[in-house]
Amino acid sequence: MNETIFSARGLTKIYTSGEVEVRALAGLDLDILSGEMIVLLGPSGSGKSTLLNIMGGLDHATSGTLFFKAQDLTKLDDRALTLYRRDHVGFVFQFYNLLPSLTAFENVALVTEISKNPMRPDEALSLVGLKDRLHHFPAQLSGGEQQRVAIARAIAKRPEVLLCDEPTGALDSKTGIKVIEALLSVNEQLGTTTAIITHNASIQGVADRVFFFTDGKISKIQKNETRQKTAEVSW
Amino acid sequence: MSALDLKLLRDLRRLWAQALAIALVVAGGVATVVLAVGSHHSLDETRIAYYERYGFADVFAQIRRAPNSIVHQIEAIPGVAMVEPRIAQLALLDIPNFREPATGEFISLPDKREQVLNRLFMRQGRLPDPSSEREVVVNENFAKAHGFGLGSSFAAVLNGRKRDLTIVGTALSPEFIFAIGPGDIMPDNRRFGVIWMPERALAGAYNLKDGFSSVAIKLLPGASEDEVIQRLDDILEPFGGRAAYGRKDQTSNAWLSHELDMLNNMSRTLPPIFLLVTAFLVNLTLGRLVALEREQIGLLKALGYANRAIAMHYLKFVMLIAVAGIAIGSLAGAWLGNYITQLFGDFFRFPFLLFSRDVSTYLIGATLSLIAAAVGAMRSLLEVARLTPAVAMQPPAPAMYNHYLPASLSLDNFVTQPTVMMLRSVARHPARSIFTMLGIAMATGILVVSLFTRDTMEQLIDVTYFLADRQDATLSFGERRSADVVYQVAHLPGVLAVEPSREVPIRIRHGSVERRVILSGKASGADLSRIIDVNLRPVVLPEEGLAISGMLAQILGVRVGDTVEIDLLEGQRRTVILPVAATVEDYFGIRAMMDASALARLMREAPAVNSVHVSVDRNALDAFYTKIKAMPMVSGLALQRVSLRNFRDAIALLITTMASIYAGLAAIIAFGVVYNSARISLSESARDLASLRVLGFTRGEVLRILLLELALLTILAQPPGWAIGYGLAWVMKTRLAGELMRVRLVVEHFTYALTSVIVITAALFSALVVRSRVNGLDLVSVLKTRD
């Protein structure tokens, strides 16, 4: 199999608010291989999003190490994290976060303009099945379409990592499946390492590995020998 | 305290910076009203009280020589309350250690009675002993300028005889608040002094025993000034009376009124701008607050709060800001007003200052500001009332954007996506964009108004000193002299060229409008003192025909080619009709000019002169001055170079004081508008900006995107700002234009550039303040919530 792309050791994140300390991550260890499709499952507050944020360079760990390839992300300052995000990471969120004043095409172009080796915006949008909706504004697109624009925007720079926080959370099952399909096709065609947080356990079959979270730690790792096709996913 | 009021206070605390920016704009408006109206009131009241307490006369006249016996006739004119006959003469002064000859206006103090009009306010010392030939009182400014104290002495050439005089007192007089020497346009306290001397001594020097050469008259309340002047002229005519005039034409009073008008003008031009910007900023900020609190408003309505209660809550928010602004503005305005009053008071040397504590000024400023704020709030308050609870608690529909260009002309090929975002945002909020631009343009405009004076004054100097009056000096004689005097002057040491001038007082009339002016006879081919027409070209006068000030032409309603009626007020006093041959570009006073030989024919006299313009070799000035000081017939010497220096000093003070006040005000407006707009853009697009940060845009890049729109609006605002400034400057110039002084509006390119640099700097400063907010964006929480 492939090389390790993420490697965490003793990764800890403590939020302090007033006198209360919350251990969002409690000394977590993990390794993710390049090109893997990972699903993160677990109840609210179990640490999935915190891990994703730290992996994506949006947040700092309190202690421990998290290597992206040879680079320890926990040692990077804000500026370096911005560059890391710009060069290596694509994000997809539950609430799309498209810029309402830009069309689908332009939302993607926003990223390709600042990337080193991007694909063309229309190419990225074709990958997610939106080549007919290039010049629509977000307000003219359905939720599923908006989320797919967000995916196209995330992958257009050919990131090594794609991090998705509840990408189908705001969608109905039919549109949700389309979004998952888009993510799978990106993973397969581009080999992008993909991590998806979800509350929807039925998606777990499409992953290479599933991480189960409890109390800021990984309580179980499930390895799928064969990945389900999206058609087989029962929502 | 009700829950809503608690919310109000917390909102204010949270939005303190934006609230303060609005409050400062309100304060700027209130401060200009209070400052300008307050200092105008103070100075005006001071002037009125000064005039009243020290008996400033209403009508003045000069005569060559009138016997005291006619004083009774003057007293008998209906409407005359008091008459003060006196001797007034101009004479050259010779002051120790002062190179240039100075001019003194000698005025007699009655021997056997008290002064009844234009009474002196003694600053120091005492009045002269009536029997003394040497003792004098001088005006305080003159004494200070030369470092004179009691007991100091200087010499004067009175009617050809040199006398040593000793200062026994210094004084102020309501007649000489603004003391300008003959031929000058600005006070020069070193070269012009007012000297009060016992009547007997002065009468002796000028052979005026039992006679007088000047008269001041106090009118009864309700008396007609015009009628009294008419009767007075008739009485004085046989004694060589020159046309009498009222306070309006009295030099000191006219200049004082002009200065006070300038203050008054400022109080009417600037505040409307501040009120407009206030209304706009309130509209912008409250509009955003209501949009953000949509769900809360819905909730309050669902809980049973009435529309009125909720609208009142937001109105209170605005009113509290306005009240804070009014408080700051009142304090700042009162302080600045006192400062300006003090500054003017010192300049004019009033014996006392009355500080106006007129509450109505503050009330006017406060009321107007509150109205402006309420007008600004209106749209948002209606929006609050219109929201139905069910709708309000839903999130608003997503923002709808449009393509403004066909796909084939897509902007994407030319500009980056951040630029596209910016352009679409401007197009989506056209009203807001226009008002933001207008606000910034106002700031630029105010600056143009503060700085145009310099360009305009330079133009005035250019025309007055370098195009028209190019002589080095002008010698004036106490009385009309025969033309021979020109040869004497020409033979003075260092004199390179001479040009005689004859001055005759006239009444010029067209239809029912008439003015009293001086008609100067100019030598044909005059090259020192030239006539410059309104196209800034030298005029060669025709044999017959007048050149009159452009302002005079405007007052009379005549054009070149029209004829005017002229009463000659000297000599044979005929009335003649003359054509207007040219209108003259001049900025001080109104006057008429004609060819000297034509004037001599008109006067039916041999060529005569009242003054001579000379050009002098600079290396021979000392010898020239020494000779002049010994010339008995010379009563005054005006020096162009010194006059120009005084003029520059006087306007430099005006420009620096005004420019700093105005620049401060403009910066407040620019900052207020840009900061509030930036904060609101930030609040509206926080989510977009956070998205960009997550996508890998740096803080700098995100800040640039946020501010690109404002940068564009700031740049676009400059040309309209220049236009607004030019318009305001034109209004000010036009309001101030008068018979005493006027200007031609000139604004140099450099001035426009400078105003823009200042406004853009203020905008950049507000950008810096917003930067910390962008840096503090919480990426994760913004993205995890629904819009």
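So the sequences go chain by chain: A and B. The C-terminal residue of the first sequence carries number 748 in my numbering, and the numbering is unbroken. The C-terminal residue of the second sequence carries number 2197 in my numbering, and the numbering is unbroken. Even glycine gets a Cβ: it sits at the ideal position worked out from N, Cα and C.
- Every beta strand (DSSP E) of 3 residues or more that sits fully in the stretch 1824 to 1908 of chain B is shown, in chain order, as 1883 to 1892.
- In the three-state scheme derived from DSSP, where H, G and I count as helix and E and B as strand, residue 1558(B) is classed as coil.
- Rounded to the nearest angstrom, the gap between the Cα atoms of residue 1703(B) and residue 1710(B) is 10 Å.
- A residue is called buried when at least 16 other Cβ atoms come within 10 angstroms of its Cβ; residue 1876(B) does not meet this threshold and is exposed.
- The DSSP assignment places complete alpha helix (DSSP H) segments of no fewer than 4 residues inside the stretch 1744 to 1803 of chain B at 1769 to 1796, 1799 to 1802, in order along the chain.
- Apart from sequence neighbours up to five positions away, the residues of its chain that approach residue 2141(B) with a beta-carbon distance below 7 Å are 1679, ordered along the chain.
- For residue 619(A), the enclosing alpha helix (DSSP H) has its first and last residue at 617 to 625.
- Under the DSSP definition of a beta bridge, residue 1998(B) partners with 2151(B).
- When only Cα atoms are considered, residue 1470(B) and residue 1616(B) end up about 20 Å apart.
- Rounded to the nearest angstrom, the Cβ distance from residue 2153(B) to residue 2035(B) is 33 Å, too far for a contact under 8 Å.
- Note on residue 2182(B): under 16 other CB atoms within 10 angstroms of its CB, so exposed under the neighbour-count rule.
- Per the C-alpha coordinates, the member of 1927(B), 2011(B), 1968(B), 1982(B) positioned closest to residue 1991(B) is 1968(B).
- The distance from the Cβ of residue 1444(B) to that of residue 1755(B) is about 18 Å, inconsistent with a contact at the 8 Å cut-off.
- Close CB contacts of residue 1941(B) within its chain, under the 8 Å cut and outside five residues either way in sequence, are with 1878, 1932, 1948, 1949, 1951, 1957, 1992, 1994, 2003 (chain order).
- Listed in chain order, the non-local C-beta contacts of residue 1719(B) below 6 Å within the same chain number zero, local neighbours out to five positions each way being set aside.
- For residue 1929(B), the secondary structure class from DSSP, reduced to helix, strand or coil, is strand.
- Under the DSSP assignment, residue 1473(B) falls in the beta strand (DSSP E) whose first and last residues are 1469 to 1477.
- Using a Cβ distance threshold of 9 Å, residue 520(A) and residue 727(A) do not count as a contacting pair.
- In chain order, 616, 617, 618, 634, 635, 638 place their CB closer than 8 Å to the CB of residue 647(A), counting only its own chain and leaving out the 5 sequence neighbours on each side.
- At the C-beta level, residue 1696(B) and residue 1791(B) come within 9 Å of one another.
- At a cut-off of 9 Å between C-beta atoms, residue 604(A) counts as an interface residue with respect to chain B.
- The DSSP-derived three-state label of residue 2023(B) is strand.
- Around the CB of residue 1824(B), fewer than 16 other CB atoms lie within 10 Å, so the residue is classed as exposed.
- Counting along the chain, residue 1461(B) sits inside the alpha helix (DSSP H) bounded by residues 1426 to 1463.
- Where residue 1621(B) is concerned, the enclosing beta strand (DSSP E) starts and stops at 1621 to 1629.
- Distance between residue 591(A) and residue 644(A), taken at the CA atoms: about 36 Å.
- Ranked by how close their Cα comes to the Cα of residue 1847(B), the residues 2047(B), 1974(B), 2088(B) have 2088(B) in first place.
- In the structure shown, residue 1648(B) adopts helical secondary structure according to DSSP, grouped into three states.
- Under the 10 Å beta carbon count, residue 2059(B) is surrounded by fewer than 16 other beta carbons and is classified as exposed.
- Between the C-alpha atoms of residue 1832(B) and residue 1658(B) there is a straight-line separation of about 59 Å.
- Setting aside the 5 residues that flank it on each side, residue 735(A) is surrounded in the same chain by 723, each with a C-beta closer than 6 Å to its C-beta; the list follows chain order.
- Residue 2016(B) sits in coil when the DSSP states are folded into three classes, being neither helix nor strand.
- The beta strand (DSSP E) runs lying completely inside the stretch 620 to 693 of chain A and spanning 3 residues or more are 674 to 678, given in chain order.
- A Cβ-Cβ contact shorter than 9 Å links residue 1543(B) with residue 1573(B).
- Using a Cβ-Cβ cut-off of 8 Å, residue 1830(B) is close to 614, 615, 619 of chain A, given in chain order.
- Residues 1977 of the same chain have their beta carbon placed closer than 6 Å to that of residue 1985(B), with the five preceding and five following residues left out of the count.
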